[in-house]
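*Asks:*
Numbering (this note's numbering), first residue to last: 384 to 1206.
1) Would you call residue 960 buried or exposed, if buried means 16 or more other Cβ atoms sit within 10 Å of its Cβ?
2) For residue 1144, which three-state DSSP category applies?
3) Smallest Cα separation from residue 1086: which of 754, 796, 830 and 690?
4) Among the candidates 545, 566 and 540, whose CA atom is the shortest distance from the CA of residue 552?
5) Taking 7 Å as the threshold (C-beta atoms), are residue 1000 and residue 824 in contact?
6) Measuring straight from C-alpha to C-alpha, what distance separates residue 606 and residue 629?
7) Could you pull out every residue in the same chain whose Cβ sits closer than 6 Å to the Cβ of residue 739, ignoring the five residues on either side in sequence?
8) Give me, in chain order, the residues of the same chain whose beta-carbon lies closer than 7 Å to that of residue 1210; leave out the 5 immediate sequence neighbours on both sides.
9) Thinking C-beta only, is residue 983 closer than 7 Å to residue 650?
10) Of the choices 608, 686 and 839, whose alpha-carbon is the least far from that of residue 646?
11) Which whole-angstrom value describes the C-beta separation of residue 1030 and residue 1067, a residue pair presumed to lie in contact below a C-beta threshold of 8 Å?
12) Answer with buried or exposed for residue 516, where buried requires no fewer than 16 other C-beta atoms within 10 angstroms of its C-beta.
13) Can you tell me the Cβ-Cβ gap for residue 975 and residue 1003, rounded? I've got them flagged as a contact below 8 Å.
14) Quick check for students: name the residue ranges of the alpha helix (DSSP H) that lie wholly in the stretch 674–754, counting only runs of 4 or more.
15) Taking contact to mean 3 or more Cβ pairs, one atom from each stretch, closer than 8 Å, check whether the stretch 811–826 and the stretch 844–851 are in contact.
16) Hey, which unbroken runs of the alpha helix (DSSP H) at 4 residues or more fall wholly within the stretch 502–576?
17) How about the stretch 961–970 and the stretch 985–999: do they share at least three Cβ pairs that are nearer than 8 Å?
18) Where residue 435 and residue 1139 are concerned, what is the direct C-alpha to C-alpha distance, given to the nearest angstrom?
19) On the CB-based measure, 16 or more other CB atoms within 10 Å of its CB, does residue 1167 come out buried or exposed?
20) Going by beta-carbon coordinates alone, are residue 1163 and residue 908 separated by less than 7 Å?
21) Are there 16 or more other CB atoms within 10 angstroms of the CB of residue 1169, so buried, or fewer, so exposed?
22) Is DSSP giving residue 621 helix, strand or coil here?
23) Apply the 10 Å Cβ neighbour rule to residue 1186 and answer buried if 16 or more other Cβ atoms are within range, or exposed otherwise.
24) To which residues does DSSP link residue 868 through a beta bridge?
25) Classify residue 1114 as buried or exposed, calling it buried when 16 or more other Cβ atoms lie within 10 Å of its own Cβ.
26) Since residue 940 and residue 1014 are thought to touch, with beta carbons under 8 Å apart, how far apart are those beta carbons, to the nearest angstrom?
27) Residue 984 bridges to which residues according to DSSP?
28) Excluding the 5 residues flanking residue 942 on each side, which residues of the same chain have their C-beta closer than 6 Å to its C-beta?
29) DSSP on residue 1130, reduced to helix/strand/coil?
30) Any chance the stretch 439–447 sits against the stretch 630–642, with 3 or more Cβ pairs inside 8 Å?
31) Cα separation between residue 620 and residue 614?
32) For residue 1153, tell me which candidate among 1177, 1172 and 1146 has the shortest Cα-Cα distance.
33) Can you tell which of 694, 612, 581 and 577 has the C-alpha that lies nearest to the C-alpha of residue 1123?
34) Output the distance between the C-alpha atoms of residue 1025 and residue 949, rounded to the nearest integer angstrom.
35) Reducing DSSP to helix, strand and coil, say where residue 1048 ends up.
36) Are there 16 or more other CB atoms within 10 angstroms of the CB of residue 894, so buried, or fewer, so exposed?
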């Protein structure tokens, strides 16, 4: 009895000492314990997603992939898998499982090592939120106290939901929603039992048990999870056998991007970082909706691709990327499996995929294409491939496939539409040497309709639409003509289209600006001069208006005044602008003279779907709440648009065809454009003197678009033995008969054919203060006649001619150099 009393007393003392020790330990670590009050309002780090206006995913940014889910949306089998594997008594314990602790202590006593963690789901959650992952006693003590706090603050379902959204699964996937997407490209409700068990087995060791990098270990771990589910009677033996024997199907999936627009996504990324900072932008869970429509953006990308490949085909075939084998050098042909493995190492670029020629016969060739398999190339897919000699010359037309390629050649292919729109065919291709960009805006408010910064973001992240300041060539002329109309010149004003020969005593040489082509017509009306892009007329206009006054006027269109040169060379397009700047400037001619600000973010939603930002752009209007600045009058804008309209329709703009074409006449051939907007379209070509840059900019009342095609200033690798040949160190030119009308305009047409139906465009309405009188086409004066020698012309009220033409007068003597009477 005395021994029993002593034993009881000892137990009581030990219990008191234990409680005192735990209390003292709690008081010791309490200052270091983080508050868990924030758990109820926790905001999980969620990546930023960028969407088109119509909700298609463009890109996702953020270090952590997370798709938060509610517990009710998690399949019960997944809940069972985690509970059976990680914490089968989760709904019974208070945050710490005494049985698990006793088991861990027994292992420690018997082995001397910490092999059992005894961590409950609540303890794992505490460690994930607040602590490190090292196996230190103090960390385990803190983890225990935090787990007890969590259990007091949150109910079991809330704890489990947080755990399923917080736990890491490798490959930057956090939470079960992201794991399902990263490993299987599925939502949770689409997963099989085998896939659920694979995911449930990952938290133990996400790197070592990863189904992508270590499929054997993952399969073994999956079996352990399934056995635990079987032991807990959550699955049947039949379900176990089927899931345990299932093949490992995991592979890395990116975000489900449905519209590939990396240049646009990069624009948004940078703007979001500027707005919120990098950490918040990447992990704040923002959904950013852009101003672009998915089909319009895809049309812009396709237009750039098709136009560059068309240019490349016109200039000849530069040969295979490399040669894997050939009969001449005795290298043996590769097997189909060897070719497949070789192609797996190569990347597709832009519109092209790599392929290996395996057989050539007659006018056909059989190739193995990456991710496609065997493809037969018909003659129509390769007959364009005349040998490239230089930008000006190509070899003779090929007569057979053997003239173009041989077995063992590594080539590029691109998919093109067939006559049957439901099918497509593969076509021999090559990586285009020039680059291109498209910038398209809604002129009413500056909303970006589409932006493409180059052929391939993978090759170059340089966004030429926004960053490439290139000489604009004749794209500057509408701005110069606008300055002239400010000085009361008119569409009917005659200017002498004659050669200029100006001696410069300082340099000792003469300046002789020339037309392109080198043709001169004598006195010419400004409407026709702009439509035909007469260089010397632009020089004479600058002389009439004044160099400084012209530069001041050009700067109104959104340019830094210090960047606008004060010399006559500006008339030939020596000013450098980006495609987006050109589109913005031309928008003023489309919207009545207002300078709108391009913007690409339409709205931003937070992680809860609440709109936290709505764009409030300045509008091209006078009597509205948020007007954009009006830089030129509505009448001035209308006159410029009229002259640019003649660049499209030329002498056929009116009832009587006067037999001349403007530089943009190719638009007339586009039935989709003409059917959509009729004659209410205006445009202007642009080509620099060295033909390094080609442009086309044009607009309707609903859409303004600029295309640029040219060479980047980079060096070319002459060997062309890599999959990414660069350009040559000398300044490359768009030569071989190319110019804005032939090189840039076709890309503009391809895009606008698809884009115009998506934007409402009206007729170019005559604004107040503009009058319409009949003039004589030769003199620009009033006319009593109604035949093909006259037309109705628009004038700002008060600037119309007051004299009638003397139809018998001979004006031939006016055609001479530097005629002072005609500037």
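Cβ atoms here follow ideal geometry from the backbone N, Cα and C, with glycine treated the same way.
All figures in this text were calculated on a predicted structure; none of them were measured in a lab.
*Replies:* Quick answer:
1) buried
2) coil
3) 830
4) 566
5) no
6) 10 Å
7) 722, 751 and 793
8) With the chain running from 384 to 1206 in the structure shown, residue 1210 is simply not present.
9) yes
10) 839
11) 6 Å
12) The pLDDT assigned to residue 516 is 48, lower than 50, so where the model puts this residue is not dependable; a value taken from the coordinates is nonetheless given after this. So residue 516 ends up on the exposed side.
13) 6 Å
14) 677–697 and 719–727
15) yes
16) 504–513, 520–536, 539–549 and 559–567
17) no
18) 18 Å
19) exposed
20) yes
21) exposed
22) helix
23) exposed
24) Residue 868 is not bridged to any residue.
25) At residue 1114 the pLDDT is 43, less than 50, meaning the model places this residue with poor confidence; the figure from the coordinates comes in the next sentence. That one is exposed.
26) 6 Å
27) 673
28) none
29) helix
30) yes
31) 10 Å
32) 1177
33) 694
34) 27 Å
35) helix
36) exposed
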